[in-house]
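>
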Amino acid sequence: MDSNPKGNIIEEVTNKDYEFGFVTDIETEFIPKGLNEDIVRLISKKKGEPEWLLEFRLKAYRHWLTLKQPDWAHLDIPHIDYQDIIYYAAPKKRKELQSLDEVDPELLDTFNKLGISLDEQKRLSGVAVDAVMDSTSVKTTFQDTLTKYGIIFMSFNEAVKQHPELVKKYLGTVVPHTDNFFAALNSAVFSDGSFCYIPKGVRCPIELSTYFRINAANTGQFERTLIVADEGAYVSYMEGCTAPQRDENQLHAAIVEIIAETDAEVKYSTVQNWYPGDKDGKGGIFNFVTKRGICRGDRSKISWTQVETGSAITWKYPSCILKGDNSIGEFYSVAVTNNHQQADTGTKMIHIGKNSRSTIISKGISAGYSQNSYRGLVRIAPDATNCRNFSQCDSLLLGDKCGAHTFPYVQCGNDSSILEHEATTSKISEDQLFYCNQRGIGREKAIGLIVNGYAKDVLNKLPMEFAVEAQKLLSITLEGSVG
Amino acid sequence: MDNTDNIPETLKRRILDYGDELLKRKAGEDTAKVTTLRNEALEHFSQNGFPTRKMERWRNSKIIDNLSESYQLYEEQPSHDRKDFCCVIQDFDTEVITMYNGRLADDNILRTLDNGIIIGSSRAAMIQHPDLFDKYFGSCRTDEDNGFYDINTALWQDGFFIFVPANVTAEKPVQIIKLIDNVNNPLIQTRNLIILEENSNLCIVDCDDTMSNNASLVNSFTETVIGENAHLETYKLQNLNNETVFINSNTTKQLKDSSLMSCIISFNGGMIRNNVHVDLDGQGADTQVYGLYLMDKKQHIDNQIRVNHNVSDCNSNERFKGILDDEATAVFNGHVYVAPDAQHTNAYQNNSNIILTSSAKVNTMPFLEIYADDVKCSHGSTIGQLDEEAMFYMRQRGISKANARMLLMYAFAAEISNNIKIDKLQERIDDMIKRRLKGELSSCDTCVFHCNTPKEYNFEIDLSKI
Chain A
-6 MDSNPKGNII EEVTNKDYEF GFVTDIETEF IPKGLNEDIV RLISKKKGEP EWLLEFRLKA
54 YRHWLTLKQP DWAHLDIPHI DYQDIIYYAA PKKRKELQSL DEVDPELLDT FNKLGISLDE
114 QKRLSGVAVD AVMDSTSVKT TFQDTLTKYG IIFMSFNEAV KQHPELVKKY LGTVVPHTDN
174 FFAALNSAVF SDGSFCYIPK GVRCPIELST YFRINAANTG QFERTLIVAD EGAYVSYMEG
234 CTAPQRDENQ LHAAIVEIIA ETDAEVKYST VQNWYPGDKD GKGGIFNFVT KRGICRGDRS
294 KISWTQVETG SAITWKYPSC ILKGDNSIGE FYSVAVTNNH QQADTGTKMI HIGKNSRSTI
354 ISKGISAGYS QNSYRGLVRI APDATNCRNF SQCDSLLLGD KCGAHTFPYV QCGNDSSILE
414 HEATTSKISE DQLFYCNQRG IGREKAIGLI VNGYAKDVLN KLPMEFAVEA QKLLSITLEG
474 SVG
Chain B
9 MDNTDNIPET LKRRILDYGD ELLKRKAGED TAKVTTLRNE ALEHFSQNGF PTRKMERWRN
69 SKIIDNLSES YQLYEEQPSH DRKDFCCVIQ DFDTEVITMY NGRLADDNIL RTLDNGIIIG
129 SSRAAMIQHP DLFDKYFGSC RTDEDNGFYD INTALWQDGF FIFVPANVTA EKPVQIIKLI
189 DNVNNPLIQT RNLIILEENS NLCIVDCDDT MSNNASLVNS FTETVIGENA HLETYKLQNL
249 NNETVFINSN TTKQLKDSSL MSCIISFNGG MIRNNVHVDL DGQGADTQVY GLYLMDKKQH
309 IDNQIRVNHN VSDCNSNERF KGILDDEATA VFNGHVYVAP DAQHTNAYQN NSNIILTSSA
369 KVNTMPFLEI YADDVKCSHG STIGQLDEEA MFYMRQRGIS KANARMLLMY AFAAEISNNI
429 KIDKLQERID DMIKRRLKGE LSSCDTCVFH CNTPKEYNFE IDLSKI
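Residue numbers (this note's numbering), protein chains in the order written: chain A, -6 to 476; chain B, 9 to 474.
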């Protein structure tokens, strides 16, 4: 152990390459840099959108002009020049794709490298994937199976064309364009994303998944995901993301909206692995995402599970509005920051319905020079009687230069609800390490073991396909960060 | 809406005008440091004004919306009756300082005790001991832009001053009885300074009471410097009328191996804001901050507790508990900051609330901001009700519902009062808690503490039935 001093090990890890940092040489179509009404119109035109959607975008853009970038988070965000970003980039398409064979082989190769099977042959994986590269959805798999159940799962753009009534009905109902700075920006320039509708009483037989990839330089990615689970429906949805290694920062401002009607259940899992920047904090993705679900009907349930390991800066609060009586909101999160990464993440649980319940389990792990904050709100409306909330936010510090912060807001407006919040911050206990060492487990391995055990509560909630990936990711991100 | 927006504006203008006038008038009397700080504070206040609800630490505060236009910035001391200061806890031997509307009301406004302890008026201390005063005045940090600090620094005229020289242990606790006569809607600024030199010990009992039912704004600011290996205990008892806005700011600097035990008990008060700011600047410092609030009607309490662990090897412990009845609202914001390299820090924060009615509200924000890794920090907060099972257990044994409720509430509150180290004081405070829970304490206007009622309050429980 002594021959391997702390500094060296950390260096070793921080030098570890970001696995997905490659760039695909693919023909990409850009629009000019900058943002103005013409750009918004241009994006809308490129997408062949109906008039109402253009109006929605323009309204959002005009509202965005009146806002300023939020500065309340515990983050040090470098100046972002919103006129220096390309708001639309797409792999060039010559004609409408009919089959997988027509997809650009380079592109297929990219997703294969990422381990995403776009190939419908690989049925074993049993996951329907919507792959989004830069700004456009590339390919959605398993269409036939899904159609059989009446499940609509397609790119946002297609959904606008094929199911305009559904999109119109739900778009912006959970995250209105006025919600916040980044939501307004997204509403104005969003390029594509996934749309998912599970009809009444259908239990989606396979996991749905979206894979996001930023490829082109100087672009921002603004996708929008809209998931609607109608009465009694169930769906488990997964989201993954990677980006190439670049020196400049790239902006990712997405919106995810989830609507759960009566008795519906939506499980949303994310493994976020955007490029975090190099060991000196150069480059990396700014991940400013608005995610919110509404339990609109009684007995509905929304569950967020996230594993956050990437991004230079994360600003993300997946939230639940528990409007229906007896509805349930859950939030399970592991956020890992290393090097110069910054994360301000957490959740909001807004209890409006009676007897609604929420659980928050947040595990923060900070290493290197990173700053990791949990920020959460639990609000019980005066009429939301008999509500129950339990929050637990633990932070683990690996290294003496990093920071771990907890900013919970707990607001209770009636006398029949019970709210509990607890948080601890500590480093890995010497006792635990000693115990492992004593039994012949090396320091490195012991830390891996303890961290994995620490994050287990959350990892257990992930769908199996993701859990394996997340566990691997966790060990890559942290390996060697001996505290 | 427009109306409420304008009150701070009008009040601000009046305060600024008054401040300018005061500066001219006090020019000869103030020390150089005091004058400089007054000028700076006035300038800062003219730029920033009162805090607004857009500020993170004021967003849940009701104070800003409830300032009144009618506060009087006056200097004349209304006459008072010595009898009013009867508020001495039974058989409790203390050195007493009395204050009336923010001014010292004792005959001897600054006295030096046998062991060298100086107690009395801060204004008199500034005049009589300028070097000592200047050394400590304005030396404690505050980390927040808070207009009320500025107003106090700019406009203060008096307050209490306590100086304990090195190696002295105060034999008796110092008790400060502060009465507010609200008849003229006064705006009262008190500026207090507590200095403990190395290896000294002191206990302070600080009582705030009001005498009538009019509105007033009391803006009290206490600076405390605790020297190396010095130990301070302070007990604050707040019992004010429902119209009073009471801003109680305390900023404390602790040096090596010093300790602070602070216990704030808020029995009554229209709007109370307790700003407690502790800087742990020396290794081995220990701080315990306890709070208990028992609020009803439309009362509002806001506890803002900031503990900065600036160096390694310090301990801090915050425990705040509250019971809210009727339409009372409570805000708790604890903030523990652990500086980079402040290793071996232990910090604990807890806020528990019991809500008795559906219209009472609680906002609690226990924050941790940690930049060092070898630390043990935790916080917890709960909001809930009286335990149904415990109630059932007692009811089943023949204890009336009212008594069972009282017992449970009392047990909840006693967890804070148990930390009081002076037995006599603890007895009295426990008694006052019982009375308050029974609703007796607020009904009495003049001598609120029932200090002259020797009979202790007891639960009416028929033991033979248990």
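By construction, the Cβ of each residue, glycine as well, lies at the ideal position given by its N, Cα and C atoms.
Computed from a predicted structure; not experimentally measured.
Is there at least one Cβ from chain A nearer than 7 Å to Y79(B)'s Cβ?
Cβ-Cβ to chain A under 7 Å: no for Y79(B).
> Given that a residue counts as buried once 16 or more other Cβ atoms are within 10 Å of its Cβ, and exposed if not, what is L58(A)?
Exposed, since its Cβ has fewer than 16 Cβ neighbours within 10 Å.
> Taking C-alpha atoms, which residue in Y301(B), A133(B), N358(B), D265(B) lies nearest to R321(B)?
According to the sequence as given, residue 321(B) is Asp; it is not Arg. For the residues Y301(B), A133(B), N358(B), D265(B), the minimum Cα distance to D321(B) belongs to D265(B).
> For I23(B), which three-state DSSP category applies?
Reduced to three states, the DSSP call for I23(B) is helix.
> Should V383(B) and T353(B) be called a contact, given that it needs their Cβ atoms to be closer than 7 Å?
Yes.
> So, with DSSP's three-state summary, where would you put W534(A)?
Here chain A comprises residues numbered -6 to 476, so residue 534(A) is not present and cannot be evaluated.
> For A350(B) versus A380(B), is the C-beta spacing smaller than 7 Å?
Closer than 7 Å, so yes.
> Quick check: the Cα distance between L467(A) and N331(A), rounded to an integer number of angstroms?
Cα-Cα distance, rounded: 11 Å.
> If we call anything under 7 Å between Cβ atoms a contact, is A82(A) one with T203(A)?
Not in contact: A82(A) and T203(A) (Cβ atoms no closer than 7 Å).
> So what does Y402(A) bridge to, in DSSP terms?
L370(A).
> On the three-state DSSP scale, how would you describe N358(B)?
Three-state result, N358(B): strand.
> Distance cutoff 7 Å, beta carbons only. Does F400(A) sit that close to anything in chain B?
Chain B contact via Cβ: present.
> So, I255(B) versus N227(B), is the Cβ gap smaller than 7 Å?
It is a contact, given that the beta carbons lie within the stated cut-off.
> Starting from the Cα of D122(B), find the closest Cα among R65(B), Y301(B), K180(B) and give me that residue.
When only C-alpha atoms are compared, the closest one is K180(B).
> So S351(A) is in the beta strand (DSSP E); what residue range does that whole segment cover?
It spans 350 to 360 - the beta strand (DSSP E) in which S351(A) sits, taken as one unbroken run.
> Please name the residue or residues paired with C385(B) in a DSSP beta bridge.
C385(B) is bridged to T418(A), A355(B).
> Under the rule that 16 or more other beta-carbon atoms within 10 Å means buried, what is V403(A), buried or exposed?
With 16 or more other Cβ atoms within 10 Å, it is buried.
> Take every Cβ of the stretch 296 to 304 of chain A, pair it with every Cβ of the stretch 448 to 467 of chain A, and state whether three or more of those distances are shorter than 8 Å.
Taking 8 Å as the limit for Cβ pairs, the verdict is that the stretch 448 to 467 of chain A does touch the stretch 296 to 304 of chain A.
> Less than 6 Å separating the Cβ of Y356(B) from some heavy atom of the ligand PLP?
As far as ligands go, the structure on display features none, and thus does not contain the ligand PLP.
> Could you tell me if S422(A) is buried or exposed, where buried requires 16 or more neighbouring beta carbons within 10 angstroms of its beta carbon?
Per the 10 Å Cβ criterion, exposed.
> Where does Q155(A) fall in DSSP's three states?
The answer is helix: DSSP assigns Q155(A) an H, G or I state.
> From the DSSP secondary-structure annotation, give me the bridge partner or partners of R199(B).
The partner list for R199(B) (beta bridge, DSSP) reads F229(B).
> How about L68(A) and D337(A): do their beta carbons lie closer than 7 Å?
Taking 7 Å as the Cβ cut-off, L68(A) and D337(A) qualify as a contacting pair.
> Give the range of the beta strand (DSSP E) segment to which D366(B) is assigned.
Reading the sequence as shown, one finds Ser at residue 366(B) and not Asp. Neither: S366(B) is in no beta strand (DSSP E) and is coded neither H nor E.
> Helix, strand or coil for K264(B)? Go by DSSP, reduced to three states.
DSSP places K264(B) in coil when its eight states are reduced to three.
> Starting from the beta carbon of P59(B), find every residue of chain A whose beta carbon is closer than 7 Å, and list them in chain order.
Correct list: empty, because the minimum Cβ distance to chain A is about 16 Å.
> Note down the Cα distance separating P375(A) from T177(B), rounded to an integer number of angstroms.
In a straight line, the C-alpha of P375(A) is about 51 Å away from that of T177(B).
> Quick one: does D393(A) have its CB under 7 Å from some CB of chain B?
Output row for D393(A): interface = yes.
> For P401(A) versus G357(A), is the C-beta distance shorter than 7 Å?
Not a contact, by the Cβ cut-off of 7 Å.
> Mind checking which residues open and close the alpha helix (DSSP H) that includes F58(B)?
Unbroken run through F58(B): none, as it is neither H nor E.
> Quick one: grab the DSSP three-state call for P374(B).
Correct three-state label for P374(B): strand.
> Measuring CB to CB, does I234(B) end up less than 7 Å from L268(B)?
Contact: yes.
> Which bits of chain B does E241(A) rub up against, with CB to CB less than 9 Å?
By Cβ distance, chain B contributes nothing, its closest Cβ being about 28 Å from E241(A), past 9 Å.
> Relative to the alpha-carbon of H398(A), which residue among P138(B), T252(B), A347(B), I125(B) has its alpha-carbon at the smallest distance?
Of the listed residues, the one whose Cα sits closest to H398(A) is A347(B).
> In chain B, what lies closer than 7 Å to S229(A) by C-beta?
Those do not exist, as S229(A) stays about 33 Å from chain B at its closest Cβ, beyond 7 Å.
> Going along the stretch 354 to 378 of chain B in order, which residues come within less than 8 Å of chain A, judged by CB to CB distance?
Going along the stretch 354 to 378 of chain B in chain order, one finds N361, I363, L364, T365, S366, S367, A368, K369, V370, N371, T372, M373, P374, F375, L376, E377, I378 with a Cβ nearer than 8 Å to chain A.
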